[in-house]
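Participant: So for the sequence shown, the numbering used here puts the first residue at 264; every next one is plus one.
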Amino acid sequence: MSRSIQASLPRPLRDLHQRAGGALVVDEPRTAPRANPPTSELPGIEVNSPEDLGLLIRKVRERRNQSQQSFADLAGVGRRFVSELENGKATLELGKVLKV
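Encoded structure:
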């Protein structure tokens with residue numbers, strides 16, 4: 264039996280903002296419907312390195328109370344990839360990173 268899981272970003276990518284110095288700033292939406300009750304709001308997080316991106320991914324996953332495996336299944340990647348992404352591995356395939 265095969266199941267299909269559909270996932271999407273919580274908001275369009277155009278909501279990401281560039282700041283001076285090349286740092287990418289990700290702001291959480293002020294109001295958005297959520298499948299899971301909010302546990303805490305993430306403040307704007309600057310993404311300057313693979314480690315920063317990994318920390319952001321981990322915080323979002325943990326806030327949703329998801330295991331690495333369930334998060335990977337939703338994104339269509341392997342659990343090991345999610346682990347490497349969260350740990351800031353700089354040599355990951357960009358196409359897969361964007362899927363997450």
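The beta carbon of each residue, even a glycine, is placed where N, CA and C say it ideally should be. Here the structure is a predicted model, which is why all the values come from computation and not from measurement.
If you draw a straight line from the C-alpha of residue 329 to the C-alpha of residue 357, how long is it?
Facilitator: For the purposes of this step, residue 329 is taken as residue 66 along the sequence shown, with counting starting at 1. For the purposes of this step, residue 357 is taken as residue 94 along the sequence shown, with counting starting at 1. When rounded, the distance between both Cα atoms is 23 Å.
Participant: Around the Cβ of residue 338, are there at least 16 other Cβ atoms within 10 angstroms (buried) or fewer (exposed)?
Facilitator: Reading the sequence shown from its first residue, position 75 is the one you call residue 338. The residue in question, residue 338, is buried, as its Cβ has 16 or more Cβ neighbours within 10 Å.
Participant: In angstroms, rounded to a whole number, what distance separates the CA positions of residue 323 and residue 362?
Facilitator: If you number the sequence shown from 1, residue 323 lands on position 60. If you number the sequence shown from 1, residue 362 lands on position 99. Spanning the two alpha carbons is a distance of roughly 15 Å.
Participant: Mind checking residue 353: buried by the 16 CB within 10 Å criterion, or exposed?
Facilitator: For the purposes of this step, residue 353 is taken as residue 90 along the sequence shown, with counting starting at 1. By the neighbour-count rule (16 or more Cβ atoms within 10 Å), residue 353 is not buried but exposed.
Participant: So what does DSSP say about residue 310, is it helix, strand or coil?
Facilitator: Numbered from 1 along the sequence shown, position 47 holds the residue referred to as residue 310. Strand.
Participant: So, using beta-carbon positions, are residue 349 and residue 320 closer together than 8 Å?
Facilitator: In the sequence shown, the residue the question calls residue 349 occupies position 86. In the sequence shown, the residue the question calls residue 320 occupies position 57. Their beta carbons are under 8 Å apart, which means residue 349 touches residue 320 by this criterion.
Participant: Near residue 332, which residues of its chain fall below 7 Å by C-beta distance, leaving aside the five closest residues on each side in sequence?
Facilitator: Residue mapping note: residue 332 aligns to position 69 of the sequence shown, counting from 1. Within the same chain, residue 332 has close Cβ partners 342.
Participant: Kindly indicate which three-state DSSP category residue 338 falls into: helix, strand or coil?
Facilitator: Counting from 1 along the sequence shown, the entry for residue 338 is found at position 75. The answer is helix: DSSP assigns residue 338 an H, G or I state.
Participant: What does a CB cutoff of less than 8 Å around residue 355 pick up in its chain, not counting 5 residues either side in sequence?
Facilitator: By one-based count along the sequence shown, residue 355 stands at place 92. Once the five neighbours on either side are set aside, the close Cβ partners of residue 355 are 313, 344, 347, 348.
Participant: Check for me: the alpha helix (DSSP H) holding residue 355 runs from which residue to which?
Facilitator: Mapped onto the sequence shown, residue 355 falls at position 92. Premise fails: residue 355 is in no alpha helix (DSSP H) and is neither H nor E.
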